[in-house]
Amino acid sequence: MNAPDLASAGRRNFLRQSALASGGLVLGFYLNGTTQAVERLEKPAAGGAGFKPNAFIRIGHDGVVTLVSKQPEIGQGIKTSLPTVIAEELEVSWKDVRIVQGDLDPAYGRQSAGGSTSTPTNYEDFRRLGAAARLMLVEAAARSWKVPVGECFAGDSAVHHRPSKRRLGYGQLVDAAAALPVPDPKNVQVKDPKDFKLLGKRIGGVDNHQVVTGQPLFGIDTQLPGMLYAVYEKSPVFGGKVRSANLDAIKALPGVKDAFVIAGTDELRGLLPGVAIVAESTWAAWSARKQLQVDWDEGRFANQSWAGFVAEAQRLSGQAGGTVLRRDGDVGAALAGAAKTVEAAYSYPFISHASFEPQNCTAHYKDGVLELWAPTQNPAAGQELVTATLGIPKDKIVLHVTRSGGGFGRRLSADYIVEAAAIAQRVNAPVKLTWTREDDLRHDHFRPAGFHFLRGGVDAKGKLVAWHNHFVTFANPVTRDGKTSLVPGSGGSLSGDEFPGRWIDNCLLEQSAIECGVPMGPWRAPGSCVFAWVFHSFIDELAHAAGRDPLEFRLDILGDKAIVAGTGERGTPYDVSRMRQVLLHVAEKAGWGKKKFPKGQGQGIAFHFSHRGYIAQVAEVTVAKDGTLKVDRVVVATDIGAQIVNLSGAENQVEGSVVDGLGTLMFPELNIERGRIVQGNFNEYPLIRIADAPPKIEVHFVKTDYPVTGLGEPALPPLAPAVCNAIFAATGKRVRQFPLSRTDLRWG
1 MNAPDLASAG RRNFLRQSAL ASGGLVLGFY LNGTTQAVER LEKPAAGGAG FKPNAFIRIG
61 HDGVVTLVSK QPEIGQGIKT SLPTVIAEEL EVSWKDVRIV QGDLDPAYGR QSAGGSTSTP
121 TNYEDFRRLG AAARLMLVEA AARSWKVPVG ECFAGDSAVH HRPSKRRLGY GQLVDAAAAL
181 PVPDPKNVQV KDPKDFKLLG KRIGGVDNHQ VVTGQPLFGI DTQLPGMLYA VYEKSPVFGG
241 KVRSANLDAI KALPGVKDAF VIAGTDELRG LLPGVAIVAE STWAAWSARK QLQVDWDEGR
301 FANQSWAGFV AEAQRLSGQA GGTVLRRDGD VGAALAGAAK TVEAAYSYPF ISHASFEPQN
361 CTAHYKDGVL ELWAPTQNPA AGQELVTATL GIPKDKIVLH VTRSGGGFGR RLSADYIVEA
421 AAIAQRVNAP VKLTWTREDD LRHDHFRPAG FHFLRGGVDA KGKLVAWHNH FVTFANPVTR
481 DGKTSLVPGS GGSLSGDEFP GRWIDNCLLE QSAIECGVPM GPWRAPGSCV FAWVFHSFID
541 ELAHAAGRDP LEFRLDILGD KAIVAGTGER GTPYDVSRMR QVLLHVAEKA GWGKKKFPKG
601 QGQGIAFHFS HRGYIAQVAE VTVAKDGTLK VDRVVVATDI GAQIVNLSGA ENQVEGSVVD
661 GLGTLMFPEL NIERGRIVQG NFNEYPLIRI ADAPPKIEVH FVKTDYPVTG LGEPALPPLA
721 PAVCNAIFAA TGKRVRQFPL SRTDLRWG
């Protein structure tokens with residue numbers, strides 16, 4: 001909510017206060033001013049036992065301050081960092097803070113963990129919320145002492161009177177504060193950042209102890225009285241339907257309570273057709289599944305294969321793109337007149353999100369009300385899909401948000417939620433649906449695969465003068481209003497503004513789509529996670545062809561403009577000065593150009609702008625003669641605005657992005673044969689191990705005067721090109737295919 005929105009919300013919708021018989025102060029900030037939300041927040045708790053935590057702040061007589069974290073926690077640390085913003089402005093001691101996870105509720109506004117948006121879309125609003133609460137408490141203390149407000153200040157969970165050194169704890173002030181008028185949000189004064197006591201410091205995650213001691217916290221830990229357990233068998237071919245199944249035999253097995261067919265829909269990311277087995281335990285359900293026999297109508301995607309996709313991409317590369325995304329100048333003439341030209345083809349496979357906690361959801365349908373417990377990144381999407389698919393009204397769906405054991409974009413989808421809901425409609429008890437690892441790998445919403453066919457040219461002075469990229473992507477058939485069209489997967493559509501598109505006089509960007517039945521979804525830093533590798537690897541090729549230092553070549557392309565304007569529907573302004581600054585900063589910290597590396601060792605550099613973040617990285621690698629790779633060091637410079645919310649969390653985000661980016665470069669790929677994913681478990685789909693992680697990751701934050709942004713995604717994209725460019729510097733071998741195992745790195 002921006003400032004005008006806050007002002008228009010006024011006193012009624014910005015803050016609410018309630019004083020219950022038992023005392024306490026609740027302050028709620030209405031990010032969604034629906035009547036339903038307002039009425040719910042204004043109702044006192046049953047029996048006057050205290051305040052329900054459906055507003056963001058609750059202060060009790062005991063001085064405990066309970067803060068609600070509205071965003072889903074998927075390991076990114078938002079459950080700690082956003083409440084810290086409130087606590088900072090509230091001047092509460094962190095030891096007095098308790099944090100609870102907010103369930104899906106319109107009172108909280110948008111609740112989603114994706115796109116690195118949680119911090120930038122809530123930071124200023126949450127500061128105002130904490131500041132308003134602080135002002136009310138200070139006013140209450142001043143009135144109690146009958147002194148001017150200016151003589152009072154808040155600090156360490158109390159209000160202090162300067163002249164007399166008197167002190168009143170927040171718990172002593174809640175009744176008086178609850179009786180005060182709510183401040184106008186336009187007049188709320190937030191703190192000067194130089195006075196921050198919590199923001200920018202290292203604060204451990206509020207769930208850390210529970211996580212490391214194995215306490216129940218995640219969706220898969222949900223336990224309810226009388227709960228049953230379910231598995232759901234879907235067609236191995238995407239979009240397949242059930243012809244028949246041996247249901248009677250399954251129902252007769254030990255521990256099995258029921259087995260039935262769910263017709264499902266044609267939506268690849270929705271409720272797919274399948275067979276549900278409900279049993280007294282997960283083991284009984286899984287054991288029965290092994291004896292399940294289903295006759296599948298595999299549908300029209302049963303003949304698709306990765307080998308066929310590769311052949312089709314090669315065919316499409318020989319013709320004009322289906323869509324022209326950008327056409328500047330005359331690329332053909334510029335290439336013909338270039339002093340040197342380079343052609344290259346880059347490709348990457350479909351991959352899974354492979355979160356350690358497989359998809360799961362617990363559901364209980366009773367008396368027309370559906371109650372859900374789900375590890376979701378987007379609870380509203382789960383509610384909406386259930387309503388659209390099963391016809392249960394939204395106001396009859398209660399969704400409890402649990403912590404997720406990893407998300408990376410996968411849990412923005414809600415297929416596992418609607419599956420559990422559909423099963424619960426047939427079962428007279430709470431039921432937990434748990435996917436197996438094979439379910440998770442073979443029925444993911446995958447990162448789109450892609451093929452890039454590139455040509456570039458430099459002039460006699462080594463300046464980039466021509467760029468042509470024909471991008472072959474993948475698209476699903478989608479029917480809307482009776483019309484079917486091909487829609488590229490999330491992250492599988494190129495923007496005409498992608499770097500270096502706006503910087504070159506002669507640029508042609510084209511896109512062609514291959515129809516497929518593979519369901520696709522956002523994967524950490526959608527699009528950027530692979531585009532950065534392709535573009536900044538090819539830029540490196542052109543720099544070497546021009547005989548120029550890779551850093552100098554990149555700075556020359558960026559130029560000295562302050563801002564490069566966005567173009568087209570997806571255009572985003574690009575702050576060149578910010579990117580130049582992080583690029584020069586990382587080069588300085590890494591000692592770029594100051595080291596002499598022997599054969600088999602080298603440095604690589606790359607940068608990328610995504611999700612509001614400007615990031616540059618330098619990687620140092622050693623490649624043994626037998627091709628064994630070791631990434632020795634990664635240096636990262638980041639510009640994510642004026643304030644780091646939680647330094648510990650920010651460092652972890654960057655370090656995790658480096659490790660995740662390296663693991664994705666090195667190992668995972670999915671093969672498709674006869675319309676089905678071949679790999680089923682981690683023995684066939686390896687992930688990065690500690691021995692492969694860089695021993696040194698150096699993180700540097702470049703503080704600027706720009707709005708605060710998120711950090712869950714922008715630090716991942718530059719890692720792959722930095723490492724691959726370092727491999728070239730070390731061996732002369734160019735990596736043009738994911739995963740790295742596809743490239744022979746042996747040298748000498």
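The sequence shown runs 1 to 748 under our numbering.
No residue lacks a Cβ here, since even glycine has one placed at the ideal position from N, Cα and C.
Owing to the predicted nature of the structure, the values given are computational and were not obtained by experimental measurement.
Pair within 8 Å by beta-carbon distance, Lys-696 and Asp-556: no
Between Ala-230 and Arg-202, what straight-line distance do the alpha-carbon atoms span, to the nearest angstrom?
42 Å
For this session: Decide if Gly-593 is buried, meaning its Cβ has at least 16 other Cβ atoms within 10 Å, or exposed.
Result: So Gly-593 ends up on the exposed side.
Margin query: Residues in the same chain with beta-carbon distance under 7 Å from Glu-655, minus the five sequence neighbours each way, listed in chain order, please.
Written below: Ile-697 and Val-699
What do you get for Gly-204, buried or exposed, if any count of 16 or more other CB atoms within 10 angstroms of its CB means buried?
exposed
Taking the alpha-carbon positions, what's the Gly-23 to His-61 distance?
-> For Gly-23, the pLDDT reaches just 46, beneath the cut-off of 50, and the residue's location in the model is therefore unreliable, although a value from the coordinates is still provided. Straight-line Cα distance between these residues: approximately 7 Å.
Notebook entry, point to check: How is the alpha helix (DSSP H) around Tyr-170 delimited, first residue to last?
Noted result: 170-178
Just to check my reading of the structure: Ala-363 and Ile-423 have Cβ atoms closer than 8 Å, yes? What is that Cβ distance to the nearest angstrom? 7 Å
### Message
I need the boundaries of the alpha helix (DSSP H) containing Thr-341, first residue and last residue.
### Response
Counting along the chain, Thr-341 falls outside any alpha helix (DSSP H), though it belongs to the beta strand (DSSP E) covering 340-348.
| Which runs of the beta strand (DSSP E) spanning at least 3 residues fall entirely within the segment 655-712, listed in chain order? | 696-701
(Q) Among Ala-176, Phe-738, Arg-162 and Gly-169, whose alpha-carbon lies nearest the alpha-carbon of Gly-63? (A) Gly-169
For Arg-734, which residues of its own chain have a beta-carbon under 7 Å away from its beta-carbon, when the five flanking residues on both sides are left out? Glu-541 and Phe-728
| request: Kindly confirm or deny that the segment 398-413 and the segment 67-77 touch, where touching means at least three C-beta pairs closer than 8 Å. | output: yes
Item to complete: Would you list the residues sitting across from Val-256 in a DSSP beta bridge?
Response: Ala-279
| Would Gln-643 be called buried (16 or more neighbouring beta carbons within 10 Å of its own) or exposed? | buried
Going by the CB atoms, is the gap between Val-294 and Val-256 shorter than 8 Å?
no
Do the segment 84-102 and the segment 156-173 touch if we need at least three Cβ pairs shorter than 8 Å?
-> yes
So, Gly-712 versus Gln-653, is the Cβ gap smaller than 8 Å? In contact: Gly-712 and Gln-653 (Cβ atoms closer than 8 Å).
**Prompt:** Does the distance from the C-beta atom of Thr-743 to that of Val-623 stay below 8 Å?
**Reply:** no
Check your understanding: Any contact of the segment 581-601 with the segment 625-643, i.e. 3+ C-beta pairs under 8 Å?
Key -> Flag = yes, the segment 581-601 and the segment 625-643 touch.
| Contact check, Val-278 vs Glu-233, beta carbons under 8 Å | no
message: My parser needs the alpha helix (DSSP H) runs of 4 or more residues fully inside the segment 419-486; what are they?
response: When DSSP assignments are scanned along the segment 419-486, the uninterrupted stretches of alpha helix (DSSP H) that are 4 or more residues long and fall wholly within it turn out to be 437-442.
- Query: For Asn-360, which of Val-190, His-443 and Leu-199 has the nearest alpha-carbon?
  - Reply: His-443
### Message
If the criterion is Cβ atoms closer than 8 Å, does the pair Leu-665 and Gln-679 meet it?
### Response
By the CB criterion at 8 Å, Leu-665 and Gln-679 fall outside the cutoff.
- Query: So, helix, strand or coil for Thr-743, using DSSP?
  - Reply: coil
Next item on the list: Return yes when the Cβ of Glu-88 is within less than 8 Å of the Cβ of Leu-199, no when it is not.
Entry: yes
Please classify Ser-22: does DSSP put it in a helix, a strand, or coil?
Only weak support exists for where Ser-22 lies, its pLDDT of 35 falling under 50; the coordinates are left without a value.
With the cut-off set at 8 Å, would you say Val-418 and Val-398 are in Cβ contact? no
(request) Closer than 7 Å by C-beta to Val-487: which residues in its own chain qualify, once you throw out the five before and the five after it? Chain order, please. (result) Ala-475, Asn-476 and Val-478
- Query: Are Ser-577 and Ala-562 closer than 8 Å when you measure CB to CB?
  - Reply: yes
Identify which residue in Val-85, Asp-395, Gly-382 and Pro-393 has its Cα closest to the Cα of Val-401. Gly-382
TODO: Identify whether Ile-74 lies in helix, strand or coil by the three-state DSSP scheme.
DONE: Note: Ile-74 maps to coil in three-state DSSP.
| field | DSSP-derived helix/strand/coil call for Val-735 | value | coil
Per-residue burial, Trp-283 [other beta carbons within 10 Å of its own, 16 or more giving buried]: exposed
Are the CB atoms of Leu-325 and Leu-494 nearer to each other than 8 Å?
-> Cβ distance < 8 Å, so Leu-325 and Leu-494 count as in contact.
Subject >> Cβ shell of Gly-10 (< 6 Å), same chain only, five flanking positions each side left out >> reply: Residue confidence for Gly-10 is low, a pLDDT of 31 falling below 50, so the modelled location carries little weight and cannot support an answer.
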